[in-house]
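Each residue of the sequence shown is one higher than the last, beginning at 271 in our numbering. Ideal Cβ positions, reconstructed from N, Cα and C, are used throughout, including at glycine. Keep in mind the model is a prediction, meaning the values are calculated, not measured. These notes concern the structure reproduced below.
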Amino acid sequence: MDWVSILSNTAAWLISPETIAYALAALGLAVHFGYTGLLNFGQAGFMALGAYGYAISILSFGLPWWIGILVGLGASVIFAFVLGIPTLRLRADYLAIVTIAAAEIVRLLFTTQAFDEYTNSADGLGNYHASFRAANPIPDGLYGFGPWIYNENQWWVRIFGFALVVIAALVVFALMRSPWGRVIKGIREDEDAVRALGKNVFAYKMQSLIIGGAMGALGGVVLALPSAVVPSVYVTSLTFFLYTILLLGGAATVFGPIAGSIIFWVIMAFLSNVLPALVQVGALPFMTTIQSQVLRFILVGVALMLIVIFRPQGIFGNKKELTFVK
């Protein structure tokens, strides 16, 4: 096996746009689930709204790229209100079921041909990168070393994406150490007790849903920056991957979702390279190359079960802050 190529391809995912986008969305889930106790399984819907809001603003209305980001954030806020007003009084698994359905409704709305003029239905949207790339301050050329050699536009996406991650992490860090954050953590532990103290639990939950959803929308924007917006990306399994990342790094932490995203995508990249190589050299004679790609998801699923059983707080988490460990 060509270990140099395998390790090089794996290392490239340390700073990939997917890694950055999932870190942002997982930070939003940390606000929802880790700190507030909201079992939101519809984060893929927020990411889809961010990506489509950004792309449609540029393609259909000719708006600048930065206004497109604001439109995506605005769409996520509206979705949070529409989703939260009738559902935030639900608890645990009931809220999870409703949010899964809501995210699927969003994806199917982008897939249907009724809005084909704006969404291009199942084919998705592309060719909206000109204004963002025009704002690129990096001169033309290739930069980097080893597996991290990219052109100016690829570096611009990564630098901009990591800047958003840093800003989002600082916002979460500040919020969770404020009086607002203490109320949010109290709702996670016992919302009836918080309500008895005179706090408007519903309003705090709505604020948490909006903030975490906005971070998910930013993740969708970053995911759309280097390529295209395709509705088949924003499926339920995307949210499951985000929960894997969240639980891997630590649910009620700021750095955990970021580290979890890096670890998750590095492992996925390593398995996607090494498993087919093992098939080719005959080390896995019982499966084909295509089947080996499915095996990586099985291994990640098993790893997630082991994490929940033996270290439910994640790598950087605190067991005392988990809603599902008492």
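My output table needs one value for residue i: the three-state DSSP class, helix, strand or coil.
i: Gly379; result: A small fix is needed here, since residue 379 is Leu in this sequence, not Gly. DSSP places Leu379 in helix when its eight states are reduced to three.
i: Ile585; result: coil
i: Leu516; result: helix
i: Val503; result: helix
i: Arg408; result: Sequence inspection shows Ile at residue 408; the Arg mentioned does not correspond to that position. Three-state result, Ile408: coil.
i: Ala553; result: coil
i: Phe594; result: Annotation note: pLDDT 47 at Phe594 (below 50); position unreliable, no value reported.
i: Asp386; result: helix
i: Leu434; result: helix
i: Thr558; result: coil
Per DSSP, residue i forms a beta bridge with which residues?
i: Phe415; result: Trp418
i: Leu565; result: The partner list for Leu565 (beta bridge, DSSP) is empty, contrary to what the question assumes.
i: Leu395; result: Val499
Locate the alpha helix (DSSP H) running through residue i, then write down its first and last residues.
i: Lys475; result: 471 to 494
i: Ala521; result: Per DSSP, Ala521 belongs to no alpha helix (DSSP H) and is neither H nor E.
i: Leu297; result: 287 to 299
i: Ala466; result: 449 to 466
i: Leu360; result: Here Leu360 belongs to no alpha helix (DSSP H), and DSSP marks it neither H nor E.
i: Trp273; result: 273 to 281
With a Cβ-Cβ cutoff of 8 angstroms, do residue i and residue j count as a contact?
i: Ala295; j: Met485; result: yes
i: Val524; j: Phe443; result: yes
i: Ala318; j: Gly468; result: no
i: Thr252; j: Leu569; result: Residue 252 is absent from the model: the chain starts at 271 and stops at 596.
i: Ala547; j: Met271; result: yes
i: Val427; j: Pro287; result: yes
i: Gly451; j: Ile370; result: no
i: Phe380; j: Pro555; result: no
i: Ser562; j: Val549; result: yes
i: Gly571; j: Gly520; result: no
i: Leu512; j: Ile585; result: no
i: Val368; j: Thr382; result: no
i: Ala522; j: Tyr305; result: yes
i: Leu395; j: Leu329; result: yes
i: Pro527; j: Ala300; result: yes
i: Leu309; j: Ala366; result: yes
i: Gly320; j: Ser346; result: yes
Alpha helix (DSSP H) runs wholly inside the region 304 to 334, at least 4 long, in chain order:
Whole alpha helix (DSSP H) segments, 4+ residues: 313 to 331.
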